[in-house]
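Engineer: Protein chains in written order, with the numbering used here: chain U, 2 to 86; chain E, 24 to 685.
A virtual CB, placed ideally from N, CA and C, is assigned to each residue, including glycine.
Just so it is clear, the structure is predicted and the values come from calculations on it, not from any experiment.
Below you'll find the structure I mean.
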Amino acid sequence: SEGETKTYIVHVAKSQMPASFMSHEHWYTSAVESVMGEEKEASILYDYADAFHGFATRLNAAQAEALEKQEGILGIYPETVYELH
Amino acid sequence: TTRSPGFLGLDAVASMRPEGANMGHDVVVGVLDTGVWPESESFSDHEMGPVPAHWKGVCEVGTAFNSSHCNKKLVGARFFARGYEAAVGPINETAEFKSPRDQDGHGTHTAATAAGAPVENASLLGYAEGIARGMAPKARIAAYKVCWVGGCFSSDILAAIDKGVADGVNVLSLSLGGGIAPYYRDAISLGTFGAMEKGVFVSCSAGNSGPDAVSLSNVAPWIATIGASTLDRDFPAFIRLGNGMNYSGVSLYHGRQVLGTSVPLVYPGANSSSTGGSPMNLCLAGTLDPKTVAGKIVVCDRGITPRVAKGAVVKAAGGAGMVLTNTEANGEELVADCHLIPASAVGKKTGDVIKQYIQSTPNPTGTILFKGTVLGVKPSPVVAAFSSRGPNIVNPEILKPDMIAPGVNILAAWTGFQGPTGLSNDPRRVKFNIISGTSMSCPHVSGIAALLKGAHPEWSPAAIKSALMTTAYTLDNTKKKLMDAATGNASGPFDYGAGHVDPRKALNPGLVYDITAEDYIEFLCSIKYSPTEIYSLAKRNYTCRNTFRSPGDLNYPSISAVFNVESNSTSDIVVKYTRTLTNVGSAGSTYNVSVAYPLKEVSTVVEPRVLHFAQPNEKKTYTITFTGKSLPVVPGLLVATFGSLTWSDGVHDVRSPISFSW
């Protein structure tokens, strides 16, 4: 449903971090909290920094859509489950 | 593993100077899996030198796991559960280790296969006995636990790859996969692109969805996609019927209940309807009537539930033994299991004969005779029926899988937490287990890649993959084309890619097809990814130079010519690719080309036909032009045929498989 919270992997353009932020972690947290409305506490599961730039967070579909429109956000994709071979 | 080092010729590699001497001792293999059982002797650091200076990883503390569980062999162990817990709830630490500790066994098996230390007298209850060792026994292991009881979540996988790269792994081994997705949406493709940029070789399992076509996973060109094949080893268990006939099956059963005399034989599915019928033939839980099966050997068909679970169902119903029969999906491929009761797995043809006997005989009887371990099986290797197959639906211009390696009935280290069947009612605990899958073939290649990295530290991940692919072989130990277990017929590049890995030759390939990170980005441009999608992978703004005419221009060690047929067109279709070879052999070497191709459908021109390399590391470029006939193909239906291109200097044969698709 619309309100269901899921994990999303958020792709970011690190170089586009607004100058007002001290660190990428602050930027990610602020970006997520800005789309969360009443629920202000962002849940950043992972901050990816070496092989990939971005983070994983918990959002509902509307929040994900709003976050995707923010500057520096390249894409948002829901979590998928893999299996052992 | 036992047997596969010898089967791969690795016993001889150690004596190869200078290539084989290093044995990968400065190389760290990161294994993303179910964790590790650190007490296994396969992770002993006996006679290991100091941990490589570049290593920054740690041993994370958690349930039943602390920093002292790491050593100079197991140099790192981490776990990634935030995505899993966010999705399914907090881990119940009384039921699941919230730590790098492996309760499943799969991760211990794969890690040991890649780089486990030698262990003498290894076996599974006497089966497959020998010295068990990883492919790179001097290399280091870093275990990244990303798979939990409820699955392997993409956010955790991406975090493990990210951390592995930061820790300094040189090789990443991933025996897991998901569905097909664009590279910018797939966590494994995304993360491993970044790993490749940092010089990390990535090996992934191709999947176990064979023999269906178009069943591959992990097909990004910066990944080595590994299919599975058999060793020259078998575990025969014969079924002797009351009519005196003997039939061959396989089994890893070991116990007191060896069936010496004939007992009644029953097929619960005998009265199934032809439209699928009763589930009794599948021996699902609760479907067997003890009155019908008690004291008898029960014939069960494969499907729906795990093979070993069927044995447990038969045992619970009082059955004396089980014959597990393949169906159409598995053909004649035999996968051995460590059943809880006397049991033998048989191919479909044998299964049909046994069922026919049961149905046509008033009092059918039989027995199972276990013959232990047999070596020198011919033909081998054989492509496993379950190994996923091409073509590569994401980018048909990149031929996948890349190669095959041993993945059937592989013995390697096991968890101390559960028995060899993985069933909760299996009380046995074993140090080694025998299991099958492309999960098992992948770490074979990861370990061999570690050997190559140790021998040639300057080689890029693409150069290592090229060396592995261009030296792979396509003839079995009877000198015939590699057979497909699914059909009993010859297999092809959509089944085995470049062929079966040959480590000895890969150490000294002569020439390699190298690929830079920027080449891969140009490849992304050629498949029309948007600037944003490219940014996600490349982590930077990139202006496409459009140096590739098509994705097939990527300097890949295999070649896939795709003839896009326009409806009603009768004119020939021309596909032209450029390739660049780098001399990693000696100075002053001259290579001549030969091309094998299907003369009826294609003509092929290579220019130039001779390449002379005056110096090591010199690069030479050639073009290959394919002219395909306009075949009357059905829209949406792929027609394929195969060939190969080989550059030879008389010592090295640098071979590329070619697929032609309309």
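#1: What three-state label does DSSP hand Val-36/U in the structure shown?
#2: Considering only DSSP beta bridges, list what Thr-248/E is partnered with.
#3: How would you list, in chain order, the residues of chain E whose beta-carbon sits under 7 Å from the beta-carbon of Tyr-29/U?
#4: Give a yes or no on whether 7 Å exceeds the smallest Cβ distance from Lys-121/E to chain U.
#5: Run through the DSSP bridge pairs and tell me what Val-417/E is partnered with.
#6: Go ahead and pull the three-state DSSP assignment for Glu-556/E.
#7: Confirm, please, whether the CB-CB distance from Met-426/E to Gly-521/E is below 7 Å.
#8: Determine whether the beta carbon atoms of Pro-75/E and Leu-97/E lie at a separation below 7 Å.
#9: For the alpha helix (DSSP H) containing Val-376/E, list its first residue and its last residue.
#10: Relative to chain U, which residues along the region 164 to 192 of chain E have a C-beta separation below 7 Å, given in chain order?
#11: Establish whether the CB of Ser-198/E and some CB of chain U are separated by less than 7 Å.
#12: Using 7 Å as the limit for Cβ to Cβ distance, is Leu-498/E near chain U?
#13: Helix, strand or coil: which one does DSSP assign to Ile-114/E?
#14: Any C-beta of chain E within less than 7 Å: which residues of the region 50 to 75 of chain U qualify?
#15: Check distances from the C-beta atoms of the region 455 to 479 of chain E to those of chain U and list, in chain order, the residues that come in under 7 Å.
#16: Secondary structure at Met-743/E, three-state DSSP: helix, strand or coil?
#17: So Lys-518/E and Val-406/E are supposed to be a Cβ contact under 8 Å. How far apart are they, rounded?
#18: If we cut at 7 Å on Cβ distances, does Ile-45/U have a partner in chain E?
#19: According to DSSP, which residues form a beta bridge with Ile-203/E?
#20: Touching or not, the region 235 to 254 of chain E and the region 109 to 126 of chain E, by the rule of three or more beta carbon pairs under 8 Å?
#21: Which of the residues in the region 96 to 125 of chain E, read from start to end, lie with their CB under 7 Å from any CB of chain U?
#22: Under a three-way DSSP split, which group does Ser-178/E fall into?
#23: May I ask you to list the residues that DSSP assigns as paired with Val-82/U?
#24: Answer yes or no: do Ala-472/E and Phe-636/E have a C-beta to C-beta separation smaller than 7 Å?
#25: I think Met-137/E touches Ile-184/E, with their Cβ atoms under 8 Å apart; what is that distance to the nearest whole Å?
#26: Along the chain, where does the alpha helix (DSSP H) that runs through Ala-137/E open and close?
#27: Could you tell me whether the region 247 to 262 of chain E touches the region 448 to 466 of chain E, using the rule of 3 or more Cβ pairs below 8 Å?
#28: Beta-carbon within less than 6 Å of Ala-561/E's beta-carbon, same chain only, minus the 5 sequence neighbours each way: which residues are those?
#29: Using DSSP with H/G/I as helix, E/B as strand and the rest coil, what is Phe-30/E?
#30: So the candidates are Val-629/E, Tyr-600/E and Leu-622/E; which of them puts its Cα closest to the Cα of Tyr-614/E?
#31: If we require 3 or more residues per run, which beta strand (DSSP E) segments fall completely within the region 608 to 674 of chain E?
#32: Does any CB atom of chain U fall closer than 7 Å to the CB of Ser-679/E?
#33: Output the residue ranges of the alpha helix (DSSP H) runs that lie fully inside the region 401 to 473 of chain E and measure 4 residues or longer, sorted by chain position.
#34: Is Phe-103/E near Ala-159/E, with beta carbons less than 7 Å apart?
#35: What are the start and end residues of the beta strand (DSSP E) that includes Glu-83/E?
#36: Run down chain E in chain order and give the residues with a C-beta less than 8 Å from the C-beta of Val-33/U.
Structural biologist: Answer, in terms of the structure:
#1: coil
#2: Cys-227/E
#3: Residues of chain E passing the Cβ test: none, with the nearest at roughly 14 Å.
#4: no
#5: DSSP output for Val-417/E lists no bridge partner at all.
#6: helix
#7: Gly is not the amino acid found at residue 521/E; the sequence shown has Ala there. Yes.
#8: no
#9: 371 to 383
#10: Cys-170, Gly-174, Cys-175, Phe-176, Ser-177, Ser-178, Ile-180, Leu-181, Ala-182, Ile-184, Asp-185, Val-188 and Ala-189
#11: yes
#12: no
#13: coil
#14: Ala-50, Asp-51, Ala-52, Phe-53, His-54, Ala-57, Arg-59 and Leu-75
#15: Gly-460, Thr-461 and Ser-462
#16: Residue 743/E is absent from the model: chain E starts at 24 and stops at 685.
#17: It is Asp, not Lys, that sits at residue 518/E in the sequence shown. Yes, Asp-518/E and Val-406/E are in contact; Cβ-Cβ is about 5 Å, under 8 Å.
#18: no
#19: Answer is none; Ile-203/E lacks a bridge partner.
#20: no
#21: Arg-105, Gly-106, Ala-109 and Ala-110
#22: helix
#23: Phe-176/E
#24: no
#25: For the sequence presented, residue 137/E should be read as Ala rather than Met. About 16 Å; that fails the 8 Å criterion.
#26: 129 to 138
#27: yes
#28: Ile-544
#29: helix
#30: Val-629/E
#31: 612 to 619, 625 to 630, 633 to 636, 642 to 651 and 663 to 671
#32: no
#33: none
#34: no
#35: It is not in any beta strand (DSSP E) - Glu-83/E carries neither H nor E in the DSSP assignment.
#36: The contacting residues do not exist; Val-33/U stays about 14 Å from chain E at best.
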